[in-house]
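Trainee: Heads up: the sequence shown is residues 59 to 254, going by the numbering used here.
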Amino acid sequence: MEEVVIVGAGIAGLATALALKKVGVRALILERSKELRTTGAALALFANAWVALDTLGVSDNLAALYAPFESGYMTDVKTKSIQEVHFLPNSRNGALPRAVHRKVLLEVLAEELPPNSIRFSSRITSIETQVEHGFSICIVTLDNGTIIKSKVVIGCDGIHSIVARWLGLRPPVYSADRQCVGCPYYDIPNFQYCFL
């Protein structure tokens with residue numbers, strides 16, 4: 059019996075497991091890949107991300123590797139006009155945005171977890187809820203026949219989420235009118251971001 063099972067060892071899954079560790083809850087992370095999926099572009103992490111990473115205790119590891127940036131450029135994808143954007147330090151922690159390699163972020167998060175927190179090559183075939191001794195528990199079945207019982211299952215498994223299907227959530231909606239390069243999503247139509 060596991061306290062918490064997290065499906066997906068991406069940034070969200072590792073950060074969630076680390077946050078739970080900070081409050082004394084052990085989580086088992088199930089990842090279908092054979093290793094951390096460290097390929098991908100750099101991410102621009104803004105003030106809220108640095109607050110979260112500081113709370114998780116890993117911001118210093120990353121800040122030592124990546125310099126902050128004070129400005130960048132925003133391009134209107136329809137008109138192709140370019141506008142310079144300046145960033146002010148966050149009033150809470152003085153943080154400025156930094157571009158961080160996804161691989162390094164994943165490795166830093168994973169290093170802070172207890173040994174054997176991540177089970178790689180774990181392909182989930184089903185999740186169901188059962189009642190045992192008067193309590194609801196989650197039964198996670200893997201393709202190799204392994205059955206894992208858990209009090210809680212958290213889905214951090216991306217767009218083709220088995221957890222979302224188990225919960226009965228609708229598929230994600232594709233929105234083609236916005237693009238974002240190297241930074242979090244902002245709800246400003248027709249703009250593409252690229253920060254230096």
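Using N, Cα and C, we set each Cβ at its ideal position, and we do this for glycine too.
#1: Is Ala105 closer than 7 Å to Cys214 when the C-beta atoms are compared?
#2: Are the segment 163-181 and the segment 86-95 touching by the rule of at least three beta carbon pairs closer than 8 Å?
#3: Apart from the five residues on each side of it in sequence, which residues of its chain come closer than 8 Å, Cβ to Cβ, to Val210?
#4: What residue does the alpha helix (DSSP H) around Glu165 start on, and which one ends it?
#5: Leaving aside the five residues before and after Pro155 along the sequence, list all residues of the same chain whose C-beta is less than 7 Å from its C-beta, in chain order.
#6: Taking the beta strand (DSSP E) that Ser208 falls in, what are its first and last residues?
#7: Which whole runs of the beta strand (DSSP E) in the segment 70-141 are 3 residues long or more, in chain order?
#8: Can you list, in chain order, the residues of its chain with a C-beta nearer than 7 Å to that of Ala153? Leave out the 5 residues immediately preceding and following it.
#9: Going by DSSP, what residue range makes up the beta strand (DSSP E) through Ile64?
#10: Cα separation between Val162 and Thr97?
#11: Considering only C-alpha positions, which residue in the set Lys80, Ala222, Ser129, Asp134 is nearest to Ala157?
#12: Since Leu164 and Leu94 are thought to touch, with beta carbons under 8 Å apart, how far apart are those beta carbons, to the nearest angstrom?
#13: If you draw a straight line from the alpha carbon of Ala77 to that of Thr187, how long is it in whole angstroms?
#14: Are the Cβ atoms of Ala73 and Leu167 separated by less than 7 Å?
#15: Considering Leu200, what are the terminal residues of the beta strand (DSSP E) in which it resides?
#16: CA-CA distance, Arg223 and Val231?
#17: Give a yes or no on whether the C-beta atoms belonging to Met132 and Val116 are separated by under 7 Å.
#18: What is the C-beta distance between Ile220 and Ile176, in whole angstroms, given that I count them as a contact (C-beta under 8 Å)?
Mentor: Short version:
#1: no
#2: yes
#3: Answer for Val210: Glu61, Val62, Val63, Cys196, listed in chain order.
#4: 160-169
#5: Ala102, Leu103, Phe104, Pro126, Phe127, Phe145, Phe253
#6: 205-213
#7: 85-88, 100-103, 129-134
#8: Closer than 7 Å at Cβ, skipping near neighbours: Ala105, Trp108, Pro147.
#9: That run of the beta strand (DSSP E) goes 60-65.
#10: 10 Å
#11: Ser129
#12: 5 Å
#13: 25 Å
#14: In this structure, Leu167 lies closer than 7 Å to Ala73 by Cβ.
#15: 193-200
#16: 15 Å
#17: no
#18: No, Ile220 and Ile176 are not in contact; Cβ-Cβ is about 17 Å, not under 8 Å.
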